[in-house]
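Chemist: If you count the sequence shown from 1, position 162 lands on 165 in my numbering, and the numbers rise without skipping.
Even glycine gets a Cβ: it sits at the ideal position worked out from N, Cα and C.
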Amino acid sequence: MFNYILKRLLLIIPTLFGIMLINFAIIQVAPGGPVEQMIAQITHTGVDATARFTGGTGEISGSAQANKNVASGTSSKYRGAQGLDPELIKEIEEFYGFDKPAYIRFWEMLKNYASLDFGESFFKDKKVVDLIIEKMPVSISLGLWTTLLVYLISIPLGIRKAVKDGSGFDVWTSAFVSIGYAIPGFLFAIVLIVLFAGGSYLQIFPLRGLTSPDWESFSTLEKMKEYFWHITLPVIAMVISGFASLTMLTKNSFLEEIGKQYVITARAKGLSQKRVLYGHVFRNGMLIVVAGFPAAFVGILFTGSFLIETIFSLDGLGLLGFESVINRDYPVIFGTLFVFTIISLLLNLIGDITYRLIDPRIDFERRDI
Numbered sequence: 004m005f006n007y008i009l010k011r012l013l014l015i016i017p018t019l020f021g022i023m024l025i026n027f028a029i030i031q032v033a034p035g036g037p038v039e040q041m042i043a044q045i046t047h048t049g050v051d052a053t054a055r056f057t058g059g060t061g062e063i064s065g066s067a068q069a070n071k072n073v074a075s076g077t078s079s080k081y082r083g084a085q086g087l088d089p090e091l092i093k094e095i096e097e098f099y100g101f102d103k104p105a106y107i108r109f110w111e112m113l114k115n116y117a118s119l120d121f122g123e124s125f126f127k128d129k130k131v132v133d134l135i136i137e138k139m140p141v142s143i144s145l146g147l148w149t150t151l152l153v154y155l156i157s158i159p160l161g162i163r164k165a166v167k168d169g170s171g172f173d174v175w176t177s178a179f180v181s182i183g184y185a186i187p188g189f190l191f192a193i194v195l196i197v198l199f200a201g202g203s204y205l206q207i208f209p210l211r212g213l214t215s216p217d218w219e220s221f222s223t224l225e226k227m228k229e230y231f232w233h234i235t236l237p238v239i240a241m242v243i244s245g246f247a248s249l250t251m252l253t254k255n256s257f258l259e260e261i262g263k264q265y266v267i268t269a270r271a272k273g274l275s276q277k278r279v280l281y282g283h284v285f286r287n288g289m290l291i292v293v294a295g296f297p298a299a300f301v302g303i304l305f306t307g308s309f310l311i312e313t314i315f316s317l318d319g320l321g322l323l324g325f326e327s328v329i330n331r332d333y334p335v336i337f338g339t340l341f342v343f344t345i346i347s348l349l350l351n352l353i354g355d356i357t358y359r360l361i362d363p364r365i366d367f368e369r370r371d372i
């Protein structure tokens with residue numbers, strides 16, 4: 004098992020490289036980069052917009068000043084740059100690091116990432132690592148509570164549906180599961196806001212944020228109450244949309260095991276239903292559920308919270324990622340992608356290890372990775 008873990012850890016390096024390379028290549032051909040955004044800002048707001056890359060003095064350089072005298076027919080590879088001084092465009096490219104070829108920028112990014120230096124945000128004037136550390140607790144909090152509740156609901160419900168397959172209980176719970184599967188989480192979030200956050204009916208829960216403005220003045224107990232009061236609606240929205248697939252996965256897994264010969268033999272020996280279910284079926288039936296945990300957690304943490312954080316104005320990684328994509332803030336995009344990929348790969352490894360702990364018969368070292 005140790006050799007397998009070591010191999011998987013070593014495989015993280017080429018996997019990271021491939022993911023970063025593909026995404027870097029895609030970003031290069033995407034329109035509306037930071038240089039184009041700055042050009043658009045200069046075009047619409049005038050010379051004051053250039054202060055950010057000329058030392059913050061509010062005055063542009065001599066070459067930038069010359070853009071007033073350049074003919075409007077000047078060609079450029081950037082959309083909307085016609086009529087601007089080429090020297091000004093070069094200054095903007097240098098400010099954002101686009102004066103270098105793409106392969107050099109990619110290589111420098113990899114060298115910096117090896118030392119966990121993700122650079123600085125183009126638009127927030129903060130280091131990317133500081134932004135990630137600042138926003139991570141909100142997303143982790145949402146992901147952990149949602150995953151915990153999803154598993155606490157889905158596994159018992161899925162087992163019960165498998166045992167009662169075809170009964171009235173199975174039929175009416177399947178209706179709720181189908182609703183949860185069909186309706187996306189962000190729509191549930193909107194419904195919850197309308198019903199319980201002052202949208203049109205009751206105002207029981209706050210509409211936005213995880214804390215109140217006077218949070219620092221609260222006692223520890225009051226802070227706990229405030230936290231759970233704010234996080235209730237976002238977590239409910241994510242749980243409702245997340246439990247359906249896991250419930251059906253659990254049910255189908257246990258149904259498959261219940262029909263196998265070893266279960267029939269155990270029942271023929273006179274073992275009780277509870278002993279058969281939790282002494283024999285449970286371990287085998289839970290294998291596929293455990294194997295899917297990393298993907299479920301990553302999906303809840305990084306995908307499910309994306310729109311939920313935006314809707315409820317929660318200052319987490321989902322909202323940060325949304326803003327960075329809109330603003331083409333490349334350091335933040337690549338920094339968060341790097342962190343997400345590392346977490347995803349490590350969680351998949353943890354899932355395999357848990358797989359082995361549940362069923363010692365599985366030996367990863369005897370098969371190809």
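(1) For K263 and N287, what's the separation of their Cα atoms in angstroms?
(2) Could you work out which residue in L274, A247, F309 and L340 is closest to I156 when comparing CA atoms only?
(3) Residues in the same chain with beta-carbon distance under 7 angstroms from I239, minus the five sequence neighbours each way, listed in chain order, please.
(4) Look at T150 and K164 and say whether their C-beta atoms are less than 9 angstroms apart.
(5) Leaving out the 5 sequence neighbours to the left and right, which residues in its chain are closer than 7 angstroms to K129 when beta-carbon positions are compared?
(6) Does DSSP put G321 in a helix, a strand or coil?
(7) From this set, D120, P237, M289 and S181, which residue's C-alpha is nearest E259's C-alpha?
(8) For Y204, which residues of its own chain have a beta-carbon under 6 angstroms away from its beta-carbon, when the five flanking residues on both sides are left out?
(9) Is the distance from the Cβ of I325 to the Cβ of S244 below 9 angstroms?
(10) Which residue comes first and which comes last in the alpha helix (DSSP H) that contains L14?
(11) Per DSSP, L200 forms a beta bridge with which residues?
(12) For L210, which residues in the same chain have their Cβ closer than 7 angstroms to its Cβ, ignoring the five residues on either side in sequence?
(13) The alpha helix (DSSP H) with D173 in it runs from where to where?
(14) Can you tell me which of H233, I95 and N6 puts its alpha carbon nearest to the alpha carbon of I311?
(15) Any idea if T60 is buried or exposed, counting beta-carbon neighbours within 10 angstroms, 16 or more meaning buried?
(16) Specify, as a first and last residue, the run of the alpha helix (DSSP H) that S256 falls within.
(17) Might you give, ordered along the chain, the residues of its own chain that have their beta carbon closer than 6 angstroms to the beta carbon of V335, omitting 5 neighbours on each side?
(18) Out of S220, G321, G338 and K254, which one is the CA nearest neighbour of Y154?
(19) Is it the case that the Cβ atoms of D133 and L213 are separated by a distance below 9 angstroms?
(20) Specify, as a first and last residue, the run of the alpha helix (DSSP H) that Y99 falls within.
(21) Going by the CB atoms, is the gap between I261 and V284 shorter than 9 angstroms?
(22) Going by alpha carbons, who is nearest to Q206 out of E137, A28 and L236?
Modeler: The structure says:
(1) 11 angstroms
(2) A247
(3) L195
(4) no
(5) E123
(6) helix
(7) M289
(8) L198
(9) The sequence shown places Phe at residue 325, not Ile. No. Outside cutoff.
(10) F5 to V32
(11) Contrary to the premise, residue 200 reads as Ala rather than Leu in this sequence. Beta-bridge pairing links A200 to Q206.
(12) I196, A200 and G201
(13) G171 to A185
(14) H233
(15) Per-residue confidence for T60 stands at a pLDDT of 40, beneath the threshold of 50, marking its modelled position as unreliable; the derived number appears in the next sentence. The residue is exposed, with fewer than 16 neighbouring Cβ atoms inside 10 Å.
(16) T223 to I261
(17) S124, V131 and S327
(18) K254
(19) no
(20) P89 to Y99
(21) yes
(22) L236
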